[in-house]
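Protein chains in written order, with my numbering: chain A, 299 to 391; chain B, 840 to 1264.
Just so you know, even glycine gets a beta-carbon here, dropped at the ideal spot from N, CA and C.
Keep in mind it's a predicted model, so treat the numbers as computed, not measured.
Written out as structure tokens, the structure reads:
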């Protein structure tokens, strides 16, 4: 996953909170909690970066923590909070 | 990129970072995760345990324009969905308009109804494209049989609910919710409730009876007995996977393993209630002036009440746990339900009246004063929909033809007791 291009699902809204953020999916109506501000930064950076690893680096996540973040992102992917970016979809803000 | 939004300090001390999600929730959020909005106190029914003492419309009910302004503000605050209730919300003439307005403004709606207005036409509307799958419907049913349901909800209410469920199913509305308040009379029907849900392609939702509103008057008779709490807990552990609970049974966590969901009191921290006149209370089960944080028609609106009211600030400050702090189960049950304690006259930092470790019964046996209600919209006189809470038969009659009101009554101390048994016993 680290070398793939991902982005926040267009159906998802993030609401910032002191602990991180609420992510709400308007399509499947699932509510997820992003429990760390760093994870919020990563999720928001996904669409702006060529791949997941670059988003992690941009967010200042140490290399040693990349696998743990990849697991967290995989969890978000399971409920369509984030989704793979297709080639015609250029990086969006 | 700035992550942390600017926010006013909720407490004087800096907010601790890290910790569990529950610990963070206890400190409060910038906006509620979900809130309940009672649209009207008017109701066609007069359920004996109504937590909002509903019946009559309040003359100061929010107007359509004011209600739209509330939805606008919820959208700005990113409150993604609201639970709409009452009273019976669907008898507000602008209910369907407000439903559409909320959906169009990215505020999803789950509304609770007794089914009175869920005609085939309305069911088709709810299943149709204008609701965009963005509306949940919750039909209240407090008995899996008419006998048990109508006992507390009033004559005809069981048939009304089932007709509504049938109309929704026929219209192709999927996954309606059947919402059950668990009582002494219906705990034995959990499997039957599940069967009903399966029959209508619905999801079962079980919630806790609170001694709130008119519920205070009947709580002693309706609340589950200790062994029934165990029965409920075991049922939820064994069969509760697809069952919703509104996280309302966290006091049962003290039986051992916690049930799924947030095991904390969310009052004023992650949930709150807006009542029909715009008063904001800490939670849906605490409609009482003690838990009134403010009114959203005042300057600053709902946001100011949520973020700055004294009451909510206090609820978000660290709690000591009081008498419960030394209990080994405190970390799982967190002292139970604030409203249940308040309305049974127990101290808020003590055990829940239904504490499964038995501390609640001890507390109930001690000195306590049950608070009087601070609002009551019950109908003034009896109507044909009023439940008649005749005692459900708890033991077989002495005999089928023993008509004497004293049949079976044998005073132990009376001398020369007559044989009071009926003719064919």
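Just reading off the alpha helix (DSSP H) that residue i is part of, what are its end residues?
i: residue 1057 of chain B; result: 1054–1061
i: residue 331 of chain A; result: Careful: residue 331 of chain A lies outside any alpha helix (DSSP H), inside the beta strand (DSSP E) at 329–332.
i: residue 374 of chain A; result: 364–376
i: residue 1048 of chain B; result: Segment: none, residue 1048 of chain B is in no alpha helix (DSSP H) and carries neither H nor E.
i: residue 854 of chain B; result: Taken as a continuous stretch (DSSP letters only), residue 854 of chain B belongs to no alpha helix (DSSP H), as it is neither H nor E.
i: residue 318 of chain A; result: Per DSSP, residue 318 of chain A belongs to no alpha helix (DSSP H); it is in the beta strand (DSSP E), 318–323.
i: residue 350 of chain A; result: 350–356
i: residue 1172 of chain B; result: 1169–1172
i: residue 361 of chain A; result: Here residue 361 of chain A belongs to no alpha helix (DSSP H), and DSSP marks it neither H nor E.
i: residue 335 of chain A; result: 335–344
i: residue 1142 of chain B; result: 1140–1147
i: residue 1177 of chain B; result: 1177–1182
Can you pull the chain A neighbours of residue i, defined as C-beta to C-beta under 7 Å?
i: residue 854 of chain B; result: 316
i: residue 947 of chain B; result: 327
i: residue 1098 of chain B; result: The contacting residues do not exist; residue 1098 of chain B stays about 18 Å from chain A at best.
i: residue 917 of chain B; result: 311 and 313
Starting from residue i, find everything on chain A with Cβ-Cβ shorter than 8 Å and list it in chain order.
i: residue 869 of chain B; result: 313, 314, 315 and 316
i: residue 872 of chain B; result: 320 and 329
i: residue 860 of chain B; result: 317, 331 and 333
Quick one: give me the first and last residue of the beta strand (DSSP E) that residue i is part of.
i: residue 977 of chain B; result: 974–979
i: residue 310 of chain A; result: 310–315
i: residue 381 of chain A; result: 380–382
i: residue 921 of chain B; result: 920–925
i: residue 1075 of chain B; result: Not the beta strand (DSSP E): residue 1075 of chain B falls in the alpha helix (DSSP H), residues 1065–1078.
i: residue 305 of chain A; result: 304–306
Using the beta-carbon count (16 or more within 10 Å), is residue i buried or exposed?
i: residue 1038 of chain B; result: exposed
i: residue 1201 of chain B; result: exposed
i: residue 1180 of chain B; result: buried
i: residue 1245 of chain B; result: exposed
i: residue 843 of chain B; result: Caution is warranted here: a pLDDT of 46 is assigned to residue 843 of chain B, below 50, making its placement in the model unreliable, and no coordinate value can be reported.
i: residue 358 of chain A; result: exposed
i: residue 977 of chain B; result: buried
i: residue 886 of chain B; result: buried
i: residue 870 of chain B; result: buried
i: residue 1095 of chain B; result: exposed
i: residue 834 of chain B; result: With chain B covering 840 to 1264 only, the question about residue 834 of chain B has no answer from this structure.
i: residue 276 of chain A; result: It is not possible to answer for residue 276 of chain A, since the shown part of chain A is limited to 299 through 391.
i: residue 944 of chain B; result: exposed
i: residue 315 of chain A; result: buried
i: residue 882 of chain B; result: buried
i: residue 1183 of chain B; result: buried
i: residue 1175 of chain B; result: buried
i: residue 846 of chain B; result: Reliability of the predicted coordinates at residue 846 of chain B is poor, the pLDDT of 45 falling under 50, and the value obtained from them is presented with this limitation in mind. Looking at its Cβ environment, which holds fewer than 16 other Cβ atoms inside 10 Å, residue 846 of chain B is exposed.
i: residue 1078 of chain B; result: exposed
i: residue 1240 of chain B; result: exposed
i: residue 1263 of chain B; result: Reliability fails at residue 1263 of chain B, whose pLDDT of 41 lies under 50, so the model's placement of it is uncertain and no value is given.
i: residue 966 of chain B; result: buried
i: residue 948 of chain B; result: buried
i: residue 975 of chain B; result: buried
i: residue 1042 of chain B; result: buried
i: residue 1140 of chain B; result: buried
i: residue 363 of chain A; result: exposed
Closer than 9 Å by beta-carbon distance: list the chain A residues that pair up with residue i, in chain order.
i: residue 1124 of chain B; result: Going along chain A, no residue has its Cβ under 9 Å from residue 1124 of chain B, so there is no contact; the nearest lies around 22 Å.
8 Å is my cut-off, CB to CB: does residue i come that close to chain E?
i: residue 863 of chain B; result: Judged by its chain identifiers, the structure shown contains no chain E, and its protein chains are A and B.
Checklist entry - Taking three-plus beta-carbon pairs below 8 Å as touching, is the region 934–944 of chain B in contact with the region 887–894 of chain B? => result Contact check between the region 934–944 of chain B and the region 887–894 of chain B: fewer than three CB pairs, one atom from each, fall below 8 Å, which does not count as touching.
Item to check | Entirely enclosed beta strand (DSSP E) segments - the region 863–911 of chain B, minimum 3 residues | outcome: 874–879, all fully within the region 863–911 of chain B.
Item to check | Minimum length 3: unbroken beta strand (DSSP E) runs contained in the region 1088–1136 of chain B | outcome: List check, beta strand (DSSP E) in window: 1118–1120 and 1131–1134.
Checklist entry - Does the count of Cβ pairs from the region 873–880 of chain B and the region 1101–1121 of chain B closer than 8 Å reach three? => result Output reads yes: the region 1101–1121 of chain B touches the region 873–880 of chain B.
Checklist entry - At a cut of 8 Å, does the region 954–974 of chain B reach the region 1006–1025 of chain B through at least three beta carbon pairs? => result Taking a cut-off of 8 Å for Cβ pairs, the region 954–974 of chain B and the region 1006–1025 of chain B touch, as three or more such pairs fall below it.
Checklist entry - Is the region 1160–1167 of chain B in contact with the region 1183–1190 of chain B, if contact means three or more CB pairs nearer than 8 Å? => result Touching, yes.
Item to check | Runs of alpha helix (DSSP H) wholly within the region 1186–1223 of chain B (minimum 4 residues, chain order) | outcome: Those alpha helix (DSSP H) runs which fall completely within the region 1186–1223 of chain B and span 4+ residues are 1198–1204.
Checklist entry - Where in the region 944–1029 of chain B do unbroken runs of the beta strand (DSSP E), each at least 3 residues long, occur, reported from the N-terminal end onward? => result Runs of the beta strand (DSSP E) inside the region 944–1029 of chain B: 947–952, 974–979 and 1016–1021.
Next on the checklist: When you compare the region 1219–1229 of chain B with the region 1192–1200 of chain B, are there three or more beta-carbon pairs, one atom per stretch, that lie closer than 8 Å?
Outcome noted: Judged by Cβ distances under 8 Å, the region 1219–1229 of chain B makes no contact with the region 1192–1200 of chain B, as fewer than three pairs qualify.
Next on the checklist: Under 8 Å, with one C-beta from each stretch per pair, do the region 341–354 of chain A and the region 864–871 of chain B reach the 3-pair mark?
Outcome noted: The region 341–354 of chain A makes no contact with the region 864–871 of chain B: fewer than 3 CB pairs, one atom from each, lie closer than 8 Å.
Checklist entry - Taking three-plus beta-carbon pairs below 8 Å as touching, is the region 916–935 of chain B in contact with the region 893–907 of chain B? => result As far as the Cβ criterion goes, the region 916–935 of chain B touches the region 893–907 of chain B, which means the pair count is three or higher.
Checklist entry - Are three or more beta carbon pairs between the region 920–930 of chain B and the region 1142–1152 of chain B nearer than 8 Å? => result Remark: fewer than three beta-carbon pairs, one from each stretch, lie closer than 8 Å, so the region 920–930 of chain B and the region 1142–1152 of chain B are not flagged as touching.
Checklist entry - Are at least three pairs of beta-carbons, each pair with one atom in the region 1078–1095 of chain B and one in the region 1051–1065 of chain B, less than 8 Å apart? => result With the cut-off at 8 Å, the region 1078–1095 of chain B and the region 1051–1065 of chain B do not touch.
Next on the checklist: Can you confirm whether the region 980–990 of chain B touches the region 1015–1026 of chain B when touching is taken to mean that 3 or more C-beta pairs between the two stretches lie within less than 8 Å?
Outcome noted: With the cut-off at 8 Å, the region 1015–1026 of chain B and the region 980–990 of chain B touch.
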